[in-house]
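A.B. asks: Take this structure, written in structure tokens, and hold onto it; I'll ask about it next.
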Amino acid sequence: MKDLKASLIKFNSITEKLNSVVKKFDNDSKISNVEEILLKENQNLKHKYANTLNKLEKILVKINKLEKKGK
């Protein structure tokens, strides 16, 4: 989870830098759709960590089952 949080922080930092670049060259910028680029990068991050998130979800399900058996 720390890696995921660090990645999200890094992603937010990159987003802020991109926005500042776009504002700087806003008039006739070659960067046509920054939101599209950011959404694509966000999807890439989700896919990158999907396997880890699935494993964590399975672990939580097992923990919940064990807790229910213990009661």
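Quick note on the numbering used here: the sequence shown kicks off at 182 and runs consecutively.
Even glycine gets a Cβ: it sits at the ideal position worked out from N, Cα and C.
How many angstroms separate the CA atom of glutamate 217 from the CA atom of glutamate 248?
C.D. replies: To locate residue 217, count along the sequence shown from 1; it is residue 36. To locate residue 248, count along the sequence shown from 1; it is residue 67. Cα-Cα distance, rounded: 44 Å.
A.B. asks: Is the stretch 190–209 in contact with the stretch 234–242, if contact means three or more CB pairs nearer than 8 Å?
C.D. replies: no
A.B. asks: Using a Cβ-Cβ cut-off of 8 Å (strictly less than) and excluding sequence neighbours within five positions of leucine 219, which residues of its own chain qualify?
C.D. replies: Within the sequence shown, the letter at position 38 stands for residue 219. Within the same chain, leucine 219 has close Cβ partners Thr196 and Leu199.
A.B. asks: CA-CA distance, alanine 231 and serine 194?
C.D. replies: Along the sequence shown, one-based indexing puts residue 231 at 50. Along the sequence shown, one-based indexing puts residue 194 at 13. Spanning the two alpha carbons is a distance of roughly 22 Å.
A.B. asks: Can you check which of these residues, Asn245, Ile244, Glu222 and Leu234, is closest to leucine 185 by C-alpha distance?
C.D. replies: Within the sequence shown, residue 185 is the residue found at index 4, counting from 1. Ranking the options by Cα distance to leucine 185, first place goes to Leu234.
A.B. asks: Can you grab the Cα-Cα spacing for the pair glycine 251 / histidine 228, in whole Å?
C.D. replies: Taking the first residue of the sequence shown as position 1, residue 251 is located at position 70. Taking the first residue of the sequence shown as position 1, residue 228 is located at position 47. Between the alpha carbons of glycine 251 and histidine 228 lies a gap of roughly 35 Å.
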